[in-house]
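What follows is one structure encoded as structure tokens, with my remarks underneath.
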Amino acid sequence: MMKHKSIYANIFTGAFFVDQLSKLLAVRYLAEADVPLLSFLSLSLSFNRAMSWGILNGVMHLSVATLHAVVLVLLGAFAYAQHRKGVFIVPEIMVLAGGFSNLFDRVYRDGVVDYLDFYVGAWHWPTFNVADMFVVLGFGMIFWRVLRHGNVGQS
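Add 163 to a position in the sequence shown, counting from 1, and you land on the number used in the working numbering.
Have a look at this one:
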């Protein structure tokens with residue numbers, strides 16, 4: 164289990180670093196104008212002060228950050244419980260790393276830095292970032308694990 168802790172720490176740190184570096188670059192280079200990359204993708208800087216997809220928009224910033232922190236603590240407790248049962252918790256670590264990086268933005272940047280902008284014609288996906296990709300991929304892996312193996316680690 165000690166070896167796994169090192170893997171978890173490396174994944175968490177790597178995900179946090181990659182996300183924060185990408186956001187630093189976005190803030191530095193996208194402040195003036197959007198950058199079209201493909202017919203369906205552009206880099207477009209925005210600061211999300213709400214939760215995912217604008218949920219809780221208009222609610223006090225401190226309330227959103229507090230809710231975000233509470234959710235991360237609950238997810239951390241779940242991940243720890245799974246780890247104690249012998250479950251390899253890489254997906255949970257990915258979710259926690261992405262969530263923590265976005266919480267870091269809420270506290271230190273007064274909003275989550277988003278910059279990946281997908282669209283097809285009039286259809287537009289909410290702008291997102293690398294941390295969001297870690298969260299979605301991690302939850303997808305957890306969902307896949309549950310579908311394939313049931314409630315892993317259940318006594």
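No residue lacks a Cβ here, since even glycine has one placed at the ideal position from N, Cα and C.
The structure presented is a predicted model; accordingly, all values stated were derived computationally and were not measured.
- Runs of beta strand (DSSP E) lying entirely within the stretch 266 to 292, each at least 3 residues, in chain order: Here the runs fully enclosed are 275 to 283.
- Quick one, which of Leu300, Asn211, Leu204, Phe203 has its alpha-carbon nearest Lys186's? In the sequence shown, counting from the first residue as 1, residue 186 sits at position 23. Nearest C-alpha to Lys186 among Leu300, Asn211, Leu204, Phe203: Asn211.
- Let me know if Phe291 comes out buried or exposed under the rule of 16 or more other beta-carbons within 10 Å of its beta-carbon. Position 128 of the sequence shown holds residue 291. Burial state of Phe291 is buried, judged by a 10 Å Cβ sphere holding 16 or more other Cβ atoms.
- Whole angstroms is fine: what's the gap from Ser318's alpha carbon to Val253's? Taking the sequence shown and counting its residues from 1, the one referred to as residue 318 is at position 155. Taking the sequence shown and counting its residues from 1, the one referred to as residue 253 is at position 90. Residue placement at Ser318 is poorly supported in this model, since its pLDDT is 40, which falls under 50; the coordinates are not used for a value here.
- If you run the structure through DSSP and keep just helix, strand and coil, what is Val309? Position 146 of the sequence shown, counted from the first residue, corresponds to residue 309. In the displayed model, Val309 falls within a helix according to three-state DSSP.
- Anyone know if the C-beta pair for Phe203 and Phe281 falls short of 7 Å? Sequence index remark: in the sequence shown, residue 203 carries index 40 (1-based). Sequence index remark: in the sequence shown, residue 281 carries index 118 (1-based). Yes, Cβ-Cβ distance for Phe203 and Phe281 is below 7 Å.
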